[in-house]
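Colleague:
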Amino acid sequence: MNTERIESSEAFKGSISSRSSRGSEAFRGSEHSLPAKHGCKELLPDLYPDTGMKIYGSGKPVRLFVAGLHGNEWKDTTGFLKSIEPSKTGTLAIIPFVDCGKYISTLNPGYYSGIGKKILNAIEELKPDIYIELHSYSSENLDKLAGKNRLELIGVPAYSILKKGVLLGSVSPWVRRKYFPKEALCLSFELQKGSVESRKFTAHMLEILKEIRSRDEFIDYMKKEFPVQAKKAIEDYRRFYGEI
Ligand SMILES: [Zn+2]
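Residue numbers for the sequence shown follow numbering that gives the first Met the number 0, beginning at 0 and rising by one.
#1: Do you know how far the Cα of Y236 is from the Cα of L152?
#2: So for H203, helix, strand or coil by DSSP?
#3: If you reduce the DSSP assignment to three classes, tell me which class I118 lands in.
#4: How about S135: is its C-beta nearer than 8 Å to some C-beta of chain E?
#5: I think L133 touches F200, with their Cβ atoms under 8 Å apart; what is that distance to the nearest whole Å?
#6: Is H134 near ligand 1, with its Cβ less than 7 Å from a heavy atom?
#7: Which runs of the beta strand (DSSP E) at least 3 residues long sit entirely within the region 70 to 124? Give them in chain order.
#8: What are the uninterrupted segments assigned as alpha helix (DSSP H) that are 4 or more residues long and contained completely in the region 121 to 190, given in chain order?
#9: Confirm the yes/no value for this check: CB of H69, any heavy atom of ligand 1, distance under 7 Å.
#10: Looking at G89: is its Cβ nearer than 8 Å to the Cβ of G56?
#11: Since I118 and V65 should fall inside the 8 Å C-beta cutoff, what is the C-beta to C-beta distance between them, to a whole number of angstroms?
#12: Please confirm whether any heavy atom of ligand 1 lies closer than 7 Å to the CB of E72.
#13: Per the DSSP calculation, I54 is bridged to which residue(s)?
#14: Give a yes or no on whether the C-beta atoms belonging to S169 and P180 are separated by under 8 Å.
#15: To which residues of the same chain is Y220 closer than 8 Å at the C-beta, ignoring the five residues directly before and after it?
#16: Residues in the same chain with beta-carbon distance under 7 Å from G58, minus the five sequence neighbours each way, listed in chain order, please.
#17: Hey, how far is the Cα of Y178 from the Cα of G193?
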């Protein structure tokens with residue numbers, strides 16, 4: 000595990016100071032840009048994503064939503080966060096885009112200290128009560144993500160299948176164990192690449208999550224709306240992290 004001290008980058012400080020109160024307009028004209036080495040700027044000049052973090056509102060609970068973590072996932076996930084409206088209570092911080100270079104899994108111990116460093120900076124600074132990652136997957140990988148033997152094969156619990164191809168799981172142990180207290184709510188959504196239905200349902204879940212005030216409130220919501228998946232997720236979590 001990386002024990003290197005995490006310092007707030009200049010870019011991160013800059014984004015804190017550029018607080019904005021509403022909507023996606025705030026993203027236009029961002030001064031942030033990607034290092035040229037990634038090459039995605041040349042590939043997709045019109046869709047080129049911004050890299051900054053935005054913070055809406057203030058106080059508790061603090062929510063941090065992150066998308067576009069690696070590879071080409073930003074194509075399916077970044078738009079959600081760029082268009083999200085501020086929450087009615089507490090703080091909503093969003094990082095719509097992290098990296099579009101070579102795909103490095105968040106299960107790789109070097110992810111969060113490398114290309115995901117801006118996520119760690121944000122977590123250390125904001126100490127979020129609710130942390131959400133948005134990922135996307137190709138349908139041929141469904142079994143790898145949600146198959147029963149994921150724990151044996153990959154060492155982390157399988158995702159639960161929610162609805163419309165959207166999967167729900169915890170976030171990488173590399174970030175969960177070291178940077179969050181037990182009572183934090185840390186979730187990872189995987190939506191099916193290119194699926195409109197998957198997108199719609201994810202947008203619905205984000206609308207719910209941005210108004211959720213605690214982990215327990217979310218557990219109650221899940222027990223009511225998705226009882227089977229809630230049971231599995233809670234059992235997996237207990238097995239992997241101990242009592243909640
Ligand atoms: Zn991913």
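Yeah, the Cβ is synthetic: ideal placement off N, Cα and C, and Gly gets one too. The model shown is predicted, which means the values in this text are computed figures rather than measured ones.
Modeller: With the given structure in hand:
#1: 17 Å
#2: helix
#3: If DSSP states are grouped into helix, strand and coil, I118 belongs with the helices.
#4: Reference to chain E is not applicable here, since this structure consists of a single protein chain.
#5: Their Cβ separation, rounded to whole angstroms, is 12 Å, which puts L133 and F200 out of contact at 8 Å.
#6: yes
#7: 90 to 94
#8: 141 to 145, 149 to 153 and 172 to 178
#9: yes
#10: yes
#11: 6 Å
#12: yes
#13: Note: I54 sits in a beta bridge opposite A92.
#14: no
#15: I207 and I211
#16: G89 and T90
#17: 32 Å
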